[in-house]
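Below is one structure; the comments refer to it alone.
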Amino acid sequence: EPDKQQEEVAKEEKATTEIADKNKELELKNNKTDKNEESELESNLSSSENKKDTVESFLNSQLSDSETKKIMENANIDYDKATDEEINTEILRASLIEMANNKKKTETLATPQRTMFRAMATPTALRAAVNQDEELQKSLGYTDDYTFASMLFDPGKLDSDDALNSNIIPFDLHSYMSGANSGNRYKIDLKLDPIIAEH
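Mind the numbering: the sequence shown is residues 518 to 716 in the numbering used here, read in order.
Okay, structure coming up:
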């Protein structure tokens, strides 16, 4: 009997290790892909003499003059020192803030804006833009119809008196946005492990 249990434990450990190795492989592959991606704005900047004019021209081709002006005002960029990637990230951040501020006024995101975000938002740039701005994370977290790259289920302590005397598991959901407006609403469907559910 003990030998059988040891065998099962060894099998489980091997399976867990294999899964972890596959996940690590995927993560490395994704990181390489992200690094090779360049947004349309970055491409324009790489062949440009006047980076500020290039950014303004890019925004004007997608948005109204007033939106472009607000984004340019909100972007904190030293065009002489910043890299093309840094400029792209900061403009994307300022654009997302402008979009989040306007979300209350308009129900659907205008098509030109969706196109612009797709043109600017490589996964790396979007992660950087969102991660740098706590206010933006809060705003977009409550914005309808957004696609989230990952939802992290973070359970609370289960050994507290409250948890032990209850049939409710305390938890938080952390969302990491990396996508554009999908136009659809999604429902989060959490399923408990059968072993936990039996308790």
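We put the beta carbon where it would ideally sit given N, CA and C, even for glycine.
- Just measuring C-alpha positions, the residue of Ile685, Asp678, Ser612 and Phe688 sitting nearest serine 581 is Ser612.
- Separation of isoleucine 588 and isoleucine 608 (C-alpha to C-alpha, rounded to the nearest whole angstrom) is 7 Å.
- Setting aside the 5 residues that flank it on each side, glycine 673 is surrounded in the same chain by Ala680, Ile686, Pro687, Phe688 and Asp689, each with a C-beta closer than 8 Å to its C-beta; the list follows chain order.
- Judged by beta-carbon spacing, asparagine 577 lies within the 9 Å limit of threonine 585, meaning their Cβ atoms are closer than that value.
- Going by C-alpha positions, serine 565 is about 21 Å away from glutamate 590.
- Of the candidates Ser574, Ser560 and Asp570, Asp570 places its Cα closest to the Cα of aspartate 597.
- Across the structure, aspartate 601 and leucine 675 are spaced so that their CA atoms are roughly 47 Å apart.
- For lysine 586, the enclosing alpha helix (DSSP H) has its first and last residue at 582-591.
- Secondary structure of aspartate 570 (DSSP, three-state): helix.
- Pairing leucine 558 with isoleucine 614 gives a Cβ-Cβ distance that is not under 9 Å.
- For leucine 675, no alpha helix (DSSP H) segment is defined, and its DSSP state is neither H nor E.
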